[in-house]
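Worksheet: the structure to be examined is printed underneath.
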Amino acid sequence: MKPTSRLGVFILVAPAALIYGFAVLLPFFGTIGLSFLRWDGYASPTWAGFGNYTRALSDVIFRSTFAHVGIYIVATLIVEVLLGLLLAGFVSSLRRSAFYRVALFIPVMLPMVVIAVLWQAIYNSDYGILNAILGSIGLGQWQHIWLGETRTALLSICLVSGWVFSGFYMAIFSAALNRLPNDVIESARLDGSGELKLFTKIKVPMIRQVTSIAILICITGGLQGFDLFYVLTNGGPYHTTEVPTTFMVKTVFRDGEFGYGSALAVIVSIVGLLTAYLFNTWQKRTRIEVEY
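UniProt numbering applies: residue 1 is where the sequence shown begins, and numbers increase by one.
Structure follows, in structure tokens:
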């Protein structure tokens, strides 16, 4: 490569590298450094060593947040990814498929706070439409304080998440299905495959790689989930919807424990990276087994 070409590449890459360094790398390493200190934001920080980490690992509430987010991820794999796949298959068979795709994608474009406030009204035990519908059709025994009971709060958040993001995954799967070669589809139809068999036996296996990416997005997005939990329940009732992100925010901005909050952030980051690595490793192994 000529010196002038190298200079041109450097000039083009340097702005993005500087922005990435200041916006991502600097805060990341700063958080790691702060995690070894005790600091309330006012007094001089003191050295804590691994004290913040040992405290985090022995914190019952913090440990429970991973169980909650695990349940949330499993539920959203069903109500987001699986439902999005089924919607993509159904919508692609309709005549006005573009209209239905746009309609199903609208919730994704709405601000999450607006969605949370809307569903707070729907779930409201006094005037919410959900309890009103259940009462009007003779299912009054199913009425609940949806966001205020330990049995229903987390499930209620999962359903809201499914309502929002199933359209997002529907768009991903629709794009993948539309790129499938028509000759394969037509050959399967000529062999007598019905639409259900065509979808489950031909189309879904052919978009397996896209499905893996969608699952990874769902898992990593679930670990970062914050908006719905914070606005709908704020971690309640009795911490049954507390997730790592809401616990971190409260630790830092409510309790003023910047060092401990940084340690929590580092632990969550490690869990997220490890989860993504394990999933990619499993996905590569299963792909090799299928090929051979």
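C-beta: ideal position from N, C-alpha, C; glycine also.
Asked                                                                                                : Found
Which listed residue (Val108, Thr241, Gly261) has its alpha carbon closest to that of Val249         : Gly261
Extent of the continuous alpha helix (DSSP H) run through Phe99                                      : 97-109
8 Å Cβ shell around Tyr277 - same chain, five flanking residues per side excluded                    : none
C-beta contact flag for Ser64 and Glu257 at 8 Å                                                      : no
Cβ-based neighbour list, Leu18, same chain, cut-off 6 Å, excluding 5 preceding and 5 following       : none
Alpha-carbon spacing of Gly162 relative to Ile71, whole angstroms                                    : 14 Å
Residue span of the alpha helix (DSSP H) that contains Ile122, given as start and end                : 112-123
Minimum C-alpha distance to His239 - residue among Glu149, Met170, Ile122                            : Glu149
Cβ pair Trp142, Leu155 closer than 8 Å                                                               : no
Rounded straight-line distance, which links the Cα of Val69 to that of Lys201                        : 32 Å
Rounded separation between Val290 and Val160 - CA only                                               : With a pLDDT of only 45 at Val290, under 50, the local geometry of the prediction cannot be trusted, and no value is derived from it.
Beta-carbon proximity of Thr211 to Phe229, cut-off 8 Å                                               : no
Cα-Cα separation between Trp146 and Lys203, rounded to whole angstroms                               : 38 Å
According to DSSP, residues forming a beta bridge with Leu37                                         : Trp47
Exposure of Leu264, with buried meaning 16 or more beta-carbon neighbours within 10 Å                : buried
Cβ-based neighbour list, residue 298, same chain, cut-off 6 Å, excluding 5 preceding and 5 following : Because residue 298 is not part of the residues shown, which for the chain are 1 to 292, the question remains open.
Same chain, Cβ closer than 8 Å to Val117, neighbours up to 5 away in sequence not counted            : Val231
Neighbour-count burial assignment, Val91, 16 or more Cβ in a 10 Å radius                             : buried
DSSP three-state assignment for Val266, whether helix, strand or coil                                : helix
Enclosing alpha helix (DSSP H) for Asn178 [first to last residue]                                    : 153-178
Meets three-Cβ-pair contact criterion under 8 Å: the region 185-199 and the region 51-66             : no
Straight-line Cα distance separating Ile32 from Ile267                                               : 10 Å
Inter-residue Cα distance where the pair is Tyr169 and Gly138                                        : 35 Å
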